[in-house]
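Read left to right, the sequence shown gives residues 1065 to 1195 (the working numbering). Positions of the beta carbon are idealized from the N, C-alpha and C atoms, including for glycine. Nothing here was measured: the structure is a model prediction, and the numbers come from that model. Data first, discussion second: the structure below is written as structure tokens.
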Amino acid sequence: MLALRCVADALAALLLLRCYPTGRVASAALVVKLLFAAHVLFAAWAYGRYRRGAFTERFIAGDVLASTGVMLLAAHYAEGVYSPILYLLLVEIAGFVIIFGPRAGRLAALVAGGGVVVQAAADALGLWPVG
């Protein structure tokens, strides 16, 4: 299941970055690509730890927060709350529920929901315009 998560993440990111224009500025596209590159490196490292059984509840929570945070930041730079990256975030949350159980899924859903609300409010108030 973990290998499937890695493959699905990689394919989704590849398709998204090749088929969808990221942001209105070229620098936004670079930010999104760097975020996904960092996420891929972290996911590969985490996959190794999961396979060895060298993980704790805190490590899983860190994985949830890192993955969700990357998706939220990438969504901001790729059209904000209208970004299709948020659909990938739903897949990530479902993956956390299936692999790690409801506790990890609940954490991911709360962080994702809060992040989207903060993004929408910041964009509406002009505090952090969409990239």
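- Taking the Cα positions, A1139 is about 24 Å away from Y1111.
- In the DSSP annotation of this structure, the continuous segment of the alpha helix (DSSP H) that includes G1126 starts and ends at 1121–1141.
- Below 8 Å, enough C-beta pairs join the stretch 1155–1165 and the stretch 1119–1138 to call them touching: three or more.
- In the three-state DSSP reduction, W1192 falls in the coil class, being neither helix nor strand.
- Two segments are said to touch when three or more pairs of C-beta atoms, one from each, lie closer than 8 Å; by this definition the stretch 1140–1148 touches the stretch 1178–1190.
- The closest CA to that of G1159, considering only P1148, I1149, A1172, is found on A1172.
- Per the coordinates, the alpha-carbon of T1120 lies some 12 Å from the alpha-carbon of A1168.
- Per DSSP, reduced to three states, the secondary structure at A1118 is coil, with no helix or strand assignment.
- A distance below 6 Å between beta-carbons, with the five flanking residues on each side excluded, links R1113 to the following residues of its chain, in chain order: F1119.
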